[in-house]
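Counting in the working numbering, the sequence shown runs from -4 upward without gaps.
Note that CB positions come from ideal geometry on N, CA and C, so glycine has one too.
See below for the structure under consideration.
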Amino acid sequence: MSDRDDAPSKTRRKRDAEALQALGEELAELPPEALDALALPERLRQAIDELAAIGSHEAQRRHRQFIGRLMRDVDPAPLQAFIDARKRPTREAARLFRITEAWRDLLCERGEPALRAFLAAYPEADATALETELADARAGRSGAARRLFRTLRSSIDHAAAENGAPGPPTLLE
């Protein structure tokens, strides 16, 4: 066996280069304050800053490739961890939004049994306000479903801040 057998394949090298270029593009989308928090080499930071000023699509493509080339000299793990940490709150907010939507839809569809299930899952929720808003939403009053959503979201956000929100509603029998 030779050293050549241990070397990564051309496909693997290309995949790695594309991943570094994608990471560089994600860095370019960050605001300058976030980039300041990273210990980027001066040339890489300069290239990222220059990308925003380039108007031509083809020139931007070439410059992104150049950023990808500069990324080969940087350890990508801490940069990826930084970007992932910035995305985490967004993912959590989206998850809570989906949970709230599911509860609202279930409440509007099933009524009182679903309300009891919600109050069991979120005991700090304002039962009186929820009953009123649920009745309005089920009656089809204008804006009632939106108000119900806001009240549900408030309860779910409060529970998430306290001890992590439970998952979406389970189907009621």
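Notebook entry, point to check: Who are the Cβ neighbours of His58 in its own chain at under 6 Å, not counting the five residues just before and after it?
Noted result: Leu46 and Ile49
Check: Out of Leu74, Arg81 and Ser150, which has the shortest C-alpha to C-alpha gap to Ala115?
Finding: Ser150
Check: Whole alpha helix (DSSP H) runs in the region 16 to 90 with 4 or more residues, listed along the chain?
Finding: 27 to 31, 37 to 46 and 52 to 66
Note to self: Rounded to the nearest angstrom, what separates Thr95 and Ala139 at their Cα positions?
What the structure shows: 15 Å
Margin query: Here's the rule: buried if 16 or more other CB atoms are within 10 angstroms of the residue's CB, otherwise exposed. What is Gln41?
Written below: exposed
Next item on the list: Answer yes or no: do Ala134 and Cys103 have a C-beta to C-beta separation smaller than 8 Å?
Entry: no
Next item on the list: Identify whether Arg145 lies in helix, strand or coil by the three-state DSSP scheme.
Entry: helix
Margin query: Does the contact criterion of 3 or more C-beta pairs under 8 Å hold for the region 14 to 24 versus the region 59 to 67?
Written below: yes
Notebook entry, point to check: From what residue to what residue does the alpha helix (DSSP H) around Pro108 run?
Noted result: Glu107 to Ala116
Item checked: Own chain partners of Leu15 with C-beta closer than 7 Å, once the 5 adjacent residues on each side are dropped -> Gly63, Met66, Arg67 and Pro71
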